Amino acid sequence: MKKILMVLTSVSEIGDTGEKTGYNVAEAAHPWKVFKDSGHFVDFASIQGGQPPRDEVDSEDPIQVAFTEDEVTRAGLYNTARVDVVDPGQYDAVYLVGGHGTMWDFPDTKGLQNLVASVYNAGGVVGAVCHGPAGLLNVELANGFRLVEGRRVAAFTNEEEVAAGKDKVIPFFLADRLEEQGATHVSANVFEEKVVVDDRLVTGQNPASAAGVAKEMEKLLAQVIHEEKAEEQQEAEALRAGKDAEKNAKKAAADTEH
1 MKKILMVLTS VSEIGDTGEK TGYNVAEAAH PWKVFKDSGH FVDFASIQGG
51 QPPRDEVDSE DPIQVAFTED EVTRAGLYNT ARVDVVDPGQ YDAVYLVGGH
101 GTMWDFPDTK GLQNLVASVY NAGGVVGAVC HGPAGLLNVE LANGFRLVEG
151 RRVAAFTNEE EVAAGKDKVI PFFLADRLEE QGATHVSANV FEEKVVVDDR
201 LVTGQNPASA AGVAKEMEKL LAQVIHEEKA EEQQEAEALR AGKDAEKNAK
251 KAAADTEH
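Read in order, the letters of the sequence shown correspond to residues 1 to 258 in UniProt numbering.
Structure follows, in structure tokens:
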């Protein structure tokens with residue numbers, strides 16, 4: 001079992017429009033189900049801590065309903081930790097949930113940048129979907145390079161912002177900003193699923209891509225588990241061989257004395 005941290009926006013309004021927003025429930029719920037079904041532990045954090053705002057729940061989506069009604073999840077979301085007090089060493093992966101609010105509070109939050117960088121530097125998996133990749137901006141790794149530099153990534157496209165009627169409201173186009181920081185933005189058609197894996201970074205284009213991002217993250221985590229088990233087996237075999245050698249040496253010494 002691995003520990004995965006989901007990070008949520010604390011912004012409840014789209015710019016100064018008065019339109020309510022928050023984290024996208026589908027983008028949290030569908031990955032949550034993938035992770036839980038795989039036996040992993042899911043925890044939550046947000047930019048400001050406390051109970052994060054959320055978009056509307058689709059009552060016809062049983063996974064969203066299950067997510068909002070799960071008692072453990074409700075407790076975790078009731079009082080999330082602030083990202084700047086989270087210990088990144090506790091987590092094997094971090095997943096950045098989208099929602100338009102992330103465009104305002106993800107890019108410039110130092111605590112989030114440090115969290116993402118720490119998890120990745122330690123060999124962990126980083127995932128983000130839709131507007132969640134806004135939290136990948138300005139993340140600098142231990143090697144001095146930005147996390148997205150030279151990488152293929154997916155995120156909400158300029159065309160999707162226009163289709164959603166938010167192109168005049170958002171502070172910047174996410175796809176453009178990612179490319180400005182050295183990424184290659186890869187996309188499918190408007191609102192079609194697109195998931196991109198580049199080393200231990202997994203990104204998705206839109207809500208339809210959320211489960212796919214989680215599945216690819218799960219594959220990477222399964223590979224880590226496999227490698228850990230192989231390493232444990234090698235250590236056990238080495239220990240057993242050492243004990244056998246010691247036993248044989250004692251026996252040989254005893255035979256020599258006789």
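Built from N, CA and C at the ideal position, the CB exists for glycine as well. On a predicted model such as this, the values are computed, not experimentally measured, just so you know.
Counting only residues of its own chain and dropping the five nearest sequence neighbours on each side, residue 15 has a CB closer than 8 angstroms to the CB of 104, 169, 170, 171. Between residue 42 and residue 1, the gap from beta carbon to beta carbon reaches 8 angstroms or more. Residue 212 has its alpha-carbon roughly 17 angstroms from the corresponding atom of residue 157. In the displayed model, residue 185 falls within a strand according to three-state DSSP.
Considering only 67, 53, 49, the residue with the shortest C-alpha distance to residue 59 is 67.
Under DSSP, residue 23 shares a beta bridge with 54. Contact check between the stretch 178-185 and the stretch 138-158: three or more CB pairs, one atom from each, fall below 8 angstroms, which counts as touching. The C-beta of residue 138 has 16 or more other C-beta atoms within 10 Å across all chains shown, which makes the residue buried.
Counting C-beta atoms within 10 angstroms of its own C-beta, residue 162 has fewer than 16 neighbours from the protein chains shown and is therefore classed as exposed.
Beyond the five residues adjoining it in sequence on each side, residue 154 comes within less than 6 angstroms, by CB distance, of 186, 194, 196, 203, 204, 205 in the same chain, given in chain order. Assigned with DSSP and collapsed to three states, residue 76 falls in helix. Within the DSSP bridge table, the entry for residue 43 names 5 as partners. Across the structure, residue 199 and residue 11 are spaced so that their CA atoms are roughly 30 angstroms apart.
When only Cα atoms are considered, residue 159 and residue 96 end up about 22 angstroms apart. The beta carbon of residue 118 sits closer than 6 angstroms to the beta carbons of 88 from its chain, once the five residues preceding and following it are set aside; these are given in chain order. The criterion of a C-beta distance shorter than 8 angstroms is not satisfied by residue 9 and residue 73. When secondary structure is reduced to three states using DSSP, residue 111 falls in the helix class. The beta carbon of residue 30 lies closer than 6 angstroms to those of 63, 210, 211 in the same chain, with the five residues before and after it left out. In this structure, residue 52 lies away from residue 98, with their beta-carbon atoms at least 8 angstroms apart.
Residue 250 counts as exposed, since fewer than 16 other beta carbons sit within 10 angstroms of its beta carbon. Taking residue 50 as the centre and dropping the five residues before and after it, the same chain places the C-beta of 79, 80 closer than 7 angstroms to its C-beta, in chain order.
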